[in-house]
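Residue numbers for the sequence shown, in my numbering: 39 to 151.
Positions of the beta carbon are idealized from the N, C-alpha and C atoms, including for glycine.
Structure record follows, encoded as structure tokens.
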Amino acid sequence: MEKREMTCIMCPLGCSLVVTKDGDEIKVSGNNCQRGVVFAKEELTCPMRIVTSSVKTSEGVKACKTTKPVPKAKIFDVMKEIEKLRLKKVKFGDVVIKNVLGTDADVIITANE
39 MEKREMTCIM CPLGCSLVVT KDGDEIKVSG NNCQRGVVFA KEELTCPMRI VTSSVKTSEG
99 VKACKTTKPV PKAKIFDVMK EIEKLRLKKV KFGDVVIKNV LGTDADVIIT ANE
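Structure follows, in structure tokens:
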């Protein structure tokens with residue numbers, strides 16, 4: 039049986055979770071809502087993260103992020119794809135990489151300045 043402690047990041051409460059895994063069964067305690075259970079199970083089976091970064095453009099550096107979480111194991115590969123970009127003029131909301139690395143997440147511009 040595996041036991042882990044983690045802090046839920048799904049809402050501002052930051053519940054202290056205790057997660058136990060026994061075979062295929064995952065039990066979660068310490069959560070104040072169902073989102074904590076979903077978060078803990080995902081963290082054990084396939085942790086996901088939003089990637090935030092910056093991209094070089096002809097106007098300087100612009101902030102960007104993925105439109106949805108990507109597998110944690112692919113974060114550095116996503117960052118490498120973003121680093122390859124050299125863009126001209128972009129604006130807030132522009133998709134600069136569609137379906138990055140087959141993750142179903144797009145990379146979008148998140149700032150005009």
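Relative to the alpha-carbon of residue i, which residue among the options has its alpha-carbon at the smallest distance?
i      : options                        : result
Thr58  : Lys79, Met86 and Lys110        : Lys79
Lys41  : Lys126, Gly98 and Ile64        : Ile64
Pro125 : Thr95, Gln72 and Val66         : Reading off the sequence, residue 125 comes out as Leu, not Pro. Residue Thr95 is the option with its Cα nearest to Leu125.
Ser92  : Phe77, Val116, Cys71 and Thr83 : Val116
Gly61  : Phe77, Gly98 and Thr83         : Thr83
Does the beta-carbon of residue i have 16 or more other beta-carbons within 10 angstroms, so that it is buried, or is it exposed?
i      : result
Cys102 : buried
Gly74  : buried
Glu81  : buried
Thr141 : buried
Val89  : buried
Lys127 : exposed
Between residue i and the rest of its own chain, which residues show a CB-CB distance below 6 Å, the 5 nearest in sequence each way excluded?
i      : result
Lys106 : Ala143
Gly68  : Cys53, Ser54, Leu55 and Val56
Taking the straight line between their C-alpha atoms, what separation do you get for residue i and residue j?
i      : j      : result
Ala149 : Val108 : 21 Å
Pro85  : Ile135 : 22 Å
Met48  : Leu123 : 31 Å
Met44  : Leu139 : 28 Å
Apart from the five residues just before and just after residue i, which ones in its own chain have a Cβ nearer than 7 Å to its Cβ?
i      : result
Arg87  : Pro107, Val108, Lys110 and Ile113
Asp161 : Given a span of 39 to 151 for the chain in the structure shown, any question on residue 161 remains unanswerable.
Have a look at the DSSP bridge pairing and note the partners of residue i.
i      : result
Glu43  : Val56
Met86  : Pro109
Ser103 : Before going on, a small fix: residue 103 reads as Lys here, not Ser. For Lys103, which the question treats as bridged, DSSP gives the partners Thr90 and Ile146.
Lys65  : Thr58
Ile135 : Val145
Can you find a heavy atom of the ligand ATP that lies under 6 Å from the Cβ of residue i?
i     : result
Val99 : In the structure on display, the ligand ATP does not appear, and there are no ligands present to speak of.
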